[in-house]
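Chains U and G, in that order, are what the protein sequence lines are. Here the numbering used here is used: the first residue of the first sequence is 5, the next is one more, and so on. Here the numbering used here is used: the first residue of the second sequence is 6, the next is one more, and so on. Glycine included, every Cβ here is placed at the ideal spot set by N, Cα and C.
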Amino acid sequence: DVKVTQSSRYLVKRTGEKVFLECVQDMDHENMFWYRQDPGLGLRLIYFSYDVKMKEKGDIPEGYSVSREKKERFSLILESASTNQTSMYLCASSLVIPNYGYTFGSGTRLTVV
Amino acid sequence: KQEVTQIPAALSVPEGENLVLNCSFTDSAIYNLQWFRQDPGKGLTSLLLIQSSQREQTSGRLNASLDKSSGRSTLYIAASQPGDSATYLCATSGTYKYIFGTGTRLKVLA
């Protein structure tokens, strides 16, 4: 089975800190995605990557950046965390054409205080 | 631009009922449609994936159907159980990026 692993289930960070969220997949998927999920707003795409060192902005990229140095790893970076970035962050991966759908990680609940 | 809608937003049923969750989409040029389950505070778990050439998929008590021409998919849950309580989301894609519905929050009462 494809596995997508997010390094932390829960994180608490202070305002202004630089935060790294890590995601690793083990099935050689080309595409990787970062979403945030908030009550009443559903899943919103932050960034995605379709290849190593390639990235595309999603719907809400402001305040975030990403890094994909290796195919299996996709990192989300909060350059200077703010309280409005408190959220559930979900990583997903898929083949380049998602014939087999998306596979999600278990999520990281980030609280910024 | 693809839009995905799920109705109802919330549903509460007694244990044992058969139920149908609905998902509609505006652009029929899709690769597939995927149903997910999400428990509170957890990630999304894939339930069923229907390819664009297929009409339905089944897994245990779950059956998902796809009608591209009408832009609809349904998730049928037979003999519901309290353990089925969760949020159910559908998602579909015209390219390589999914569009998600906002989900149906299901509560099955014992």
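Own chain partners of residue i with C-beta closer than 6 Å, once the 5 adjacent residues on each side are dropped
i	result
K7/U	D30
Cut-off 8 Å between Cβ atoms - residues of its own chain near residue i, not counting five sequence neighbours on either side
i	result
V56/U	R72, E73, K74 and K75
N37/G	L54, I55, Q56, S57, T97 and S98
E61/G	I55, N68, A69, S70 and L71
F108/U	V8, L94, C95 and A96
M58/U	R72
G106/G	V9, T10, Q11, C28, L94, C95 and A96
E83/U	K22, G67, Y68 and S69
V18/G	L24, S85, L111, K112, V113 and L114
C-alpha gap between residue i and residue j, whole angstroms
i	j	result
E26/U	Y14/U	12 Å
Y104/U	Y54/U	16 Å
S69/U	F24/U	10 Å
A96/G	K47/G	17 Å
L94/G	G111/U	16 Å
N88/U	T19/U	10 Å
S33/G	V9/G	11 Å
E20/G	V113/G	6 Å
G67/U	R77/G	36 Å
I104/G	E21/U	31 Å
L111/G	L26/G	9 Å
P45/G	T92/G	8 Å
V100/U	A115/G	43 Å
H33/U	Y51/U	16 Å
W40/G	S11/U	25 Å
S86/U	K17/U	9 Å
Proximal residues of chain G, C-beta to C-beta of residue i below 8 Å
i	result
N103/U	Y36, N37 and Q56
T107/U	S51
S110/U	K47 and G48
Beta-carbon neighbours of residue i, restricted to chain G and to distances below 7 Å
i	result
F78/U	Chain G residues near F78/U: none, gap ~15 Å exceeds 7 Å.
R127/U	The question about residue 127/U has no answer here: the residues shown for chain U are numbered 5 through 117.
Where residue i sits in the DSSP three-state scheme
i	result
P13/G	coil
P87/G	helix
N35/U	strand
D72/G	strand
P19/G	strand
A96/G	strand
T9/U	strand
Y103/G	coil
D42/U	strand
Q29/U	strand
R18/U	coil
Heavy atom of the ligand NAD within 7 Å of residue i beta-carbon
i	result
G21/G	Ligands in the displayed structure: none, and consequently the ligand NAD is not present.
Proximal residues of chain U, C-beta to C-beta of residue i below 9 Å
i	result
K112/G	What K112/G touches in chain U: nothing, since even the nearest Cβ is about 16 Å away.
Y103/G	F37, L47, L49, A96, S98, P102, G105 and Y106
Own chain, CB closer than 7 Å to residue i, minus 5 neighbours either side, in chain order
i	result
V28/U	T9, E76 and R77
R66/G	I82, A83 and A84
Next item on the list: Enumerate, from N- to C-terminal direction, the unbroken alpha helix (DSSP H) stretches of 4 or more residues contained entirely within the segment 46-117 of chain U.
Entry: Runs found: none.
Next item on the list: For the segment 27-78 of chain G, list the beta strand (DSSP E) runs that are entirely contained and at least 3 residues long, ordered along the chain.
Entry: If only complete runs of 3 or more residues are kept, the segment 27-78 of chain G shows the beta strand (DSSP E) at 37-43, 49-56, 61-64 and 67-72, in order along the chain.
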